[in-house]
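Chains as they are written, first to last, in my numbering: chain V, 1 to 190; chain G, 191 to 380.
Yeah, the Cβ is synthetic: ideal placement off N, Cα and C, and Gly gets one too.
Please read these numbers as outputs of a predicted model, since none were measured by experiment.
Take a look at the structure below.
Number of protein chains: 2
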Amino acid sequence: MDAKETLQAHVAKLTTLTDENFDDFFSHFQHLSFKKGQAIITAGDKVNCEYFVISGCLKSFYVNDDLKMFILQFAMPTWWASDYKALYSESPATINIDCIADAQVLCLTNEDREQLCENIKNVERFFRLRTNKGYVAAQNRLLSVMNNNVKYRYEELLKQYPELYNIVPKNLIAAYLGVSRETLSRLYNP
Amino acid sequence: MDAKETLQAHVAKLTTLTDENFDDFFSHFQHLSFKKGQAIITAGDKVNCEYFVISGCLKSFYVNDDLKMFILQFAMPTWWASDYKALYSESPATINIDCIADAQVLCLTNEDREQLCENIKNVERFFRLRTNKGYVAAQNRLLSVMNNNVKYRYEELLKQYPELYNIVPKNLIAAYLGVSRETLSRLYNP
DNA sequence: CGGGACAAGTGACCTACGTCACATAAATCA
DNA sequence: TGATTTATGTGACGTAGGTCACTTGTCCCG
Chain V
1 MDAKETLQAH
11 VAKLTTLTDE
21 NFDDFFSHFQ
31 HLSFKKGQAI
41 ITAGDKVNCE
51 YFVISGCLKS
61 FYVNDDLKMF
71 ILQFAMPTWW
81 ASDYKALYSE
91 SPATINIDCI
101 ADAQVLCLTN
111 EDREQLCENI
121 KNVERFFRLR
131 TNKGYVAAQN
141 RLLSVMNNNV
151 KYRYEELLKQ
161 YPELYNIVPK
171 NLIAAYLGVS
181 RETLSRLYNP
Chain G
191 MDAKETLQAH
201 VAKLTTLTDE
211 NFDDFFSHFQ
221 HLSFKKGQAI
231 ITAGDKVNCE
241 YFVISGCLKS
251 FYVNDDLKMF
261 ILQFAMPTWW
271 ASDYKALYSE
281 SPATINIDCI
291 ADAQVLCLTN
301 EDREQLCENI
311 KNVERFFRLR
321 TNKGYVAAQN
331 RLLSVMNNNV
341 KYRYEELLKQ
351 YPELYNIVPK
361 NLIAAYLGVS
371 RETLSRLYNP
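What follows is the structure, encoded as structure tokens:
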């Protein structure tokens, strides 16, 4: 499945777009490739785009004053990623995004998204429903962090994304779970 | 400021509606009052509405298998509250909402919201932008839980909502912060 | 007004996790 | 290929926060 088909199938899960409308929508995306290790958004940057992952994997993460990293999201195919706080408020990035497995992404600017929402009703509907889902997911993650222990959350993560086990080093998984890499290591090597 | 003006001012922060459109929008809300302690959504319920708080305070919370409570949100005036996962997916509620200070709320059904989004472009825009903000807030909260200690989070909460200190018992604040009431108590009584 | 529920403080003790230090092992690149 | 990162495991030890038990204070409401 190529980039266009991937996006089209993704959009179709939430709303319907005529072929003409989808072509218009798709024409505003820029197709980009990133290599493992490449930075996409760096804290302090101006943020102008959001990214739709076609293949590979990105991570979005925050680095605190002690240089400790917290991973917000592993962005797998058909996931969106950006620093949304920065994107929506046109403030400098506070989170970073980089590529952890060679990736193909589609990139949409803030202005193009707003323009498309203005012109195509079901594009606005798509983004509304997409963010609704994101909001529910973020709330679920918060509850999971507060409610479940590390081992449970680790196993849930691997259940949902088995491929992470192979492509992502354990220190990054620990940074996603919010524990030290030593603690994660000791879960299965007591 | 009455309920209508409160909602109108709130909507105006994100988009513009003509007076006729706002009247139409407003006419779909039901004005309800709740007394302290009253349940609004209970886990297992069918969820059909979201609630906009005019005055008073609600809490939304999850109760786990060990009967431990985690508070997702203290819904103050101009905040929205519901079990959005249940509302959007038409599944039974997994979180609860009740009233912690006598409250006036406006209630909007799922169907009415979708109908209004269908008919009034800027209502859809409003809900899109509102949830965008909610998503950013949820992500911030997650980062804060992972990154900051309890004392810091407690002080941030009180800085943002000083009135909570007076109207909300400390065990509920502890449930929001994700610690035991004893730990919260010992922060300032070591 | 008096009793029962709720709120809050505190001591004793336990446990999960963090930190630091070191040892390998695997991957990457010049 | 050989050298330098990077990833991972593991021991020793410290600390934040949880749990349980008990006490005291406060607020309703019949």
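Taking a C-beta cut-off of 8 Å against chain G, none of the residues of the stretch 156-172 of chain V qualify. By the rule that beta-carbons nearer than 9 Å mark a contact, A328 of chain G touches chain V.
Shown in chain order are the members of the stretch 293-319 of chain G whose Cβ falls below 9 Å from a Cβ of chain V: C307, E308, K311, E314, R315, F317, R318, L319. Between the stretch 28-39 of chain V and the stretch 103-114 of chain V there are three or more inter-stretch CB-CB distances shorter than 8 Å, so the stretches are counted as touching.
The beta-bridge partner set that DSSP reports for C239 of chain G consists of G:T299.
Closer than 7 Å at the C-beta level to chain G, one finds these residues of the stretch 65-82 of chain V: F70, L72. Cβ contact annotation for K341 of chain G (same chain, cutoff 6 Å, sequence separation greater than five): L377, in chain order. Less than 9 Å separates the beta-carbon of Q329 of chain G from that of A138 of chain V. Distance from K275 of chain G to T284 of chain G at the Cβ level is roughly 7 Å; contact confirmed, criterion being Cβ atoms closer than 8 Å. Within the stretch 140-152 of chain V, N140, R141, L142, L143, V145, M146, N147 place their CB atoms closer than 8 Å to a CB of chain G, listed in sequence order.
Shown here, H200 of chain G sits in a helix according to DSSP, grouped into three states.
In the three-state scheme derived from DSSP, where H, G and I count as helix and E and B as strand, G324 of chain G is classed as helix.
L158 of chain V and V168 of chain V have their alpha carbons spaced roughly 11 Å apart. When the alpha-carbon of D65 of chain V is set against those of G:V326, G:T196, G:N337, the nearest one is in G:N337.
Rounded to the nearest whole angstrom, the CA to CA distance from L58 of chain V to F316 of chain G is 30 Å. Per DSSP, the continuous beta strand (DSSP E) segment holding I40 of chain V begins and ends at 39-41. Short of 6 Å from the beta carbon of N312 of chain G, and not among the five residues preceding or following it, lie these beta carbons of its own chain, in chain order: T205, L207.
Taking the beta carbon of N322 of chain G as reference, the chain V residues within 8 Å of it are Y84, Y88, T131, listed in sequence order. Below the 7 Å Cβ cutoff, chain V contributes M146 as neighbours of G368 of chain G, in chain order.
When DSSP states are grouped into helix, strand and coil, S279 of chain G belongs to the helix group. Its Cα nearest to that of I41 of chain V, the residue V:L87 stands out among V:Q115, V:L87, V:M76, V:F70. Assigned with DSSP and collapsed to three states, L17 of chain V falls in coil, not helix or strand.
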